[in-house]
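In terms of our numbering, the sequence shown has 129 at position 124, counting the first letter as 1, and numbering is strictly consecutive.
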Amino acid sequence: VEADDVTALVIRALGLVLGRLVRDGGGTGGTGGTGGTLNQRHFILTKLITSAAQALIEVLEIDINLDLVTSQRVSRVLKKMRLVRAKQPGTGNRGWMISLDDLYRWTIVYGMDIEEITGIQHLTQVLNATNATNATNATNVANATPPRGNP
Numbered sequence: 006v007e008a009d010d011v012t013a014l015v016i017r018a019l020g021l022v023l024g025r026l027v028r029d030g031g032g033t034g035g036t037g038g039t040g041g042t043l044n045q046r047h048f049i050l051t052k053l054i055t056s057a058a059q060a061l062i063e064v065l066e067i068d069i070n071l072d073l074v075t076s077q078r079v080s081r082v083l084k085k086m087r088l089v090r091a092k093q094p095g096t097g098n099r100g101w102m103i104s105l106d107d108l109y110r111w112t113i114v115y116g117m118d119i120e121e122i123t124g125i126q127h128l129t130q131v132l133n134a135t136n137a138t139n140a141t142n143a144t145n146v147a148n149a150t151p152p153r154g155n156p
């Protein structure tokens with residue numbers, strides 16, 4: 006099994022789980038926007054991501070051996086993606102903190118449609134608008150004239 010195939014599978018699994026979290030949590034507004042949840046990080050258990058990946062293999066009939074998709078392997082992929090590790094308070098279960106913006110960057114790299122894998126309509130437009138606004142703000146700050154000190 007190629008590493009890229011497993012990474013693409015994990016990205017799809019993250020999209021499935023994160024999309025459901027955002028939709029069920031009321032993160033999408035009536036217009037399909039994300040209601041300020043683009044950068045909000047969500048805690049997702051490693052075993053939940055693994056289960057989603059295994060379900061995708063079966064449903065989509067992906068040519069990856071189901072026995073090779075383990076929590077350890079999924080964790081290695083997520084670590085290589087440089088996502089933030091976390092532990093669930095009280096239980097100590099391990100998981101990852103991920104935002105829609107994080108997922109969006111990875112879907113671009115792998116040529117995936119974030120709306121398709123998350124099930125959130127118009128998400129690309131909202132993400133592009135937010136990223137354009139952030140870039141404009143960063144440019145304005147970089148080009149600002151520094152305050153003059155007392156001579």
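The beta carbon of each residue, even a glycine, is placed where N, CA and C say it ideally should be.
Annotation: the stretch 40-116 contains the following complete segments of the alpha helix (DSSP H) (minimum length 4 residues), in chain order: 51-65, 76-85, 105-114. For the options Arg25, Asp29, Tyr109, Asp106, the alpha carbon positioned closest to that of Ala57 is the one of Arg25.
Thr55 is a Cβ neighbour of Ser76, given a cutoff of 7 Å. Using a Cβ-Cβ distance cut-off of 8 Å, the stretch 109-119 and the stretch 60-71 are not in contact, since fewer than three pairs of beta carbons, one from each stretch, lie closer than that value. Counting only residues of its own chain and dropping the five nearest sequence neighbours on each side, Val15 has a CB closer than 8 Å to the CB of Ile54, Ala58, Val79, Val82, Leu83, Met86. Shortest Cα-Cα distance from Gln93 to any of Glu66, Ile125, Met117, His47 involves His47.
Contact between Gly124 and Arg28 holds, since their C-beta atoms are separated by about 7 Å, short of 8 Å. Within the same chain, no residue comes within 6 Å of Asp118 by CB-CB distance, once the 5 residues on both sides are set aside.
In the three-state DSSP reduction, Gly24 falls in the helix class (H, G or I). In the DSSP assignment, Ile119 falls within the alpha helix (DSSP H) that extends over 119-123.
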